[in-house]
Amino acid sequence: MIIKSVGTMRMTTNKTSLSRLTKVRHRNELNSTLSTLPMAAKKVLFLAMCQINSKNEFDDDHIFYVTVADYIKWVQVKPDAAYLALRDGSNILDTTLLKLKHDEILELSSDLGFKFTKSNVPDSMNLSLTVFSTYYRNEGRVGIKFTKEAKRFLCKLIGEEKRYTTQVLLSVVRLTSVNAASLYQLIRKIYSNNSRANSFEMTIDELKDELNLYTIGAGGVKDYKYPDYPAFKRDVLNKSVKEIMKHTEVKNLSFVVSEKIGRKVYKLKFSYTIGYEGDTREDSEFTNMFDKMYPPEN
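In this text, residue positions in the sequence shown follow the working numbering: the first is 16, and each later residue adds one.
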């Protein structure tokens with residue numbers, strides 16, 4: 016554990032070092048919010064989140080700092096681009112909302128201190144991700160303070176929580192497109208749930224939900240982007256698959272049409288392998304603790 020003094024604020028960092036296999040772990044309910052973030056904001060966020068030990072809880076007054084040096088090292092960009100990314104990314108995070116659905120609100124209400132029941136739970140809820148962010152150009156860093164509500168999605172994942180996604184930091188920050196980052200996140204969510212899985216099936220609409228490829232129209236009806244499958248395949252899937260295999264540990268990634276309704280593509284099957292074997296010690300410790308709390312079903 017590293018303790019640094021920053022003015023009158025004491026900063027405690029949960030992780031002593033980062034490596035190329037450093038992982039960021041969070042609740043699945045955070046995924047939809049992450050899929051909406053521009054890449055600059057997502058990279059800044061993950062460079063802050065990677066400092067969190069997801070088994071423990073950080074102090075409410077904790078401020079996570081991300082430096083220009085961090086950004087240059089991990090993202091591999093020039094200093095001017097790093098300064099711009101830190102400034103713009105932190106500004107975006109200040110307006111980012113955690114968007115919860117009806118069933119998520121009911122499930123999380125006790126954890127978040129809300130007294131909702133099945134009879135009065137709202138259809139949706141927006142929570143702030145950060146209390147504030149600070150930008151120090153002369154010092155080349157930003158500071159991020161998460162809300163108390165956001166903490167429930169980022170730490171103490173051993174306990175009542177049963178669903179989490181683990182992503183490799185280096186992979187997230189090296190990806191350049193939002194669609195590729197969201198597809199990578201989906202693969203990691205499935206892999207986090209079952210490390211023996213090497214394929215999954217999903218309808219086109221379910222996939223677009225995961226990739227945040229929709230808008231909400233009048234009456235709350237979803238209007239999905241890329242209604243024509245050939246354009247969706249060409250502009251989103253093919254490009255994302257190529258980028259993921261180039262920059263991440265996910266290899267041999269491919270997809271095929273697994274079901275049609277009439278002539279319309281309805282469902283896709285994705286296959287993949289993970290390009291390294293074994294977990295880091297921290298990842299193994301977390302998995303062992305989680306399996307003891309929730310034994311795998313036979």
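No residue lacks a Cβ here, since even glycine has one placed at the ideal position from N, Cα and C.
Just so it is clear, the structure is predicted and the values come from calculations on it, not from any experiment.
Query                                                                                                                                                              : Result
Our contact map puts residue 113 next to residue 45 with C-beta atoms below 8 Å; I'd like the distance itself, whole angstroms only.                               : 7 Å
Do the CB positions of residue 5 and residue 168 come within less than 8 Å of each other?                                                                          : Missing from the structure shown is residue 5; the chain here goes from 16 to 313 and no further.
I need the straight-line Cα distance from residue 94 to residue 131, nearest angstrom please.                                                                      : 48 Å
Return helix, strand or coil for residue 149, following the three-state DSSP convention.                                                                           : strand
Pick out whichever of 70, 76, 105 has its Cα sitting closest to the Cα of residue 62.                                                                              : 105
Assuming residue 182 contacts residue 50 under a Cβ cut-off of 8 Å, what Cβ separation, rounded to an integer in Å, is found between them?                         : So it is not a contact: roughly 12 Å between Cβ atoms.
Are the region 67 to 87 and the region 155 to 162 touching, with three or more C-beta to C-beta distances below 8 Å?                                               : yes
Exposed or buried, residue 246, counting other C-beta atoms within 10 Å across all chains shown (16 or more means buried)?                                         : exposed
Over what stretch of residues does the alpha helix (DSSP H) that includes residue 201 continue unbroken?                                                           : 193 to 208
Checking the sheet assignment: what are the DSSP bridge partners for residue 156?                                                                                  : 82, 151
What are the boundary residues of the alpha helix (DSSP H) that includes residue 259?                                                                              : 253 to 262
From the DSSP output, in three-state form, read off residue 72 for me.                                                                                             : coil
How far does the alpha helix (DSSP H) with residue 61 in it extend, from its first residue to its last?                                                            : 54 to 64
Applying the criterion that 16 or more other CB atoms from any shown protein chain within 10 Å of the CB defines a buried residue, is residue 2 buried or exposed? : Within the shown structure, residues of the chain are numbered from 16 to 313, placing residue 2 beyond reach of any answer.
Starting from residue 218, follow its DSSP beta bridges and name the residues at the other end.                                                                    : 282
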